[in-house]
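Quick note on numbering: the sequence shown equals residues -16 to -1, 1 to 158 in mature numbering (1 follows the signal peptide of the UniProt record, and there is no 0).
Below: one structure, written as structure tokens.
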Amino acid sequence: MKKLMAIIASTGILMAGCGANDASNHDEHANMEHNHEAAPKNMQKSEHPKYKVGDEVILTEGHMPGMKDAQGKVKAVYNTYVYEVSYQPKNGDKKVSHHKWVVNEELKDAPKSGFKKGDKAIMTANHMDGMKGAEATIDAVKHTDVYVVDYKDTKTNKTVKDHKWMTENELTTK
């Protein structure tokens, strides 16, 4: 009986440790929604992108688990202002810091010349739960080409379609 109790206690401790470890490893982008929404209609296609529609690429950044070093394919390329933002989700989740990326066309009343670092804007993007309608603080700004990509998740081996957004420096060729 003592042996059985020791096994049960050990199992409980191990399970508690696994649960705590799992929670601390969750990435803030784990709630990312791949809702296959089209890019905003007012976006301008890039005239001279480094990677063209149909090019096979490797994702060099991991915005979410399973992205880094994933093989992908360029679906669309636009030229715009792109932002790294911090915001408090509308659904009550914890604050999201330095989310990459939201484009100019996904911010309410965005100026054609883009926002500046430190500006605040209301997001119309719906990449993550609680994002749409949340006030974002602009942490960083770039004027660059942004890519919509399909990629094969390195953790699940499933194809993720229409991931928005990757910047040129987050992609490389095979």
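Just so you know, even glycine gets a beta-carbon here, dropped at the ideal spot from N, CA and C.
Because the structure is a prediction, the values reported are computed rather than measured.
Glu40 - DSSP class collapsed to helix/strand/coil: The sequence position of residue 40 within the sequence shown is 56, counting from 1. Correct three-state label for Glu40: strand.
Cα-Cα separation, Lys136 to Ala120: To locate residue 136, count along the sequence shown from 1; it is residue 152. To locate residue 120, count along the sequence shown from 1; it is residue 136. Between Lys136 and Ala120, the C-alpha separation is close to 30 Å.
Cβ neighbours of Gly46 in the same chain (closer than 6 Å, five flanking residues each side left out): Taking the first residue of the sequence shown as 1, we reach residue 46 at position 62. The residues are Lys52.
Which residues DSSP lists as bridging Gln28, in chain order: As a first step, residue 28 must be located in the sequence shown, where it is residue number 44. Answer is Asn63, bridged to Gln28.
Rounded straight-line distance, which links the Cα of Ala54 to that of Thr44: Within the sequence shown, numbered from 1, the residue matching residue 44 stands at position 60. Within the sequence shown, numbered from 1, the residue matching residue 54 stands at position 70. About 8 Å.
Segment limits, beta strand (DSSP E) that includes His111: Your numbering for residue 111 matches position 127 in the sequence shown. That residue, His111, is in no beta strand (DSSP E); it is neither H nor E in DSSP.
Residue from Lys145, Thr108, Thr157 and His32 with nearest C-alpha to Pro73: In the sequence shown, the residue the question calls residue 73 occupies position 89. Per the Cα distances, Thr108.
Glu90 in three-state terms, based on DSSP: Here residue 90 refers to the residue found at position 106 when the sequence shown is read from its first residue. Here Glu90 sits in helix by DSSP.
Which of helix, strand or coil DSSP assigns to Glu154: Within the sequence shown, numbered from 1, the residue matching residue 154 stands at position 170. Here Glu154 sits in helix by DSSP.
Proximity to His127 [Cα-Cα], best of Ser70, Tyr71, Phe99 and Thr156: Along the sequence shown, read from residue 1 onward, the residue named residue 127 stands at position 143. Out of Ser70, Tyr71, Phe99 and Thr156, Phe99 has the C-alpha closest to the C-alpha of His127.
Bounding residues of the beta strand (DSSP E) (the contiguous stretch that carries His127): In the sequence shown, the residue the question calls residue 127 occupies position 143. Counting along the chain, the beta strand (DSSP E) containing His127 begins and ends at Glu119 to Lys136.
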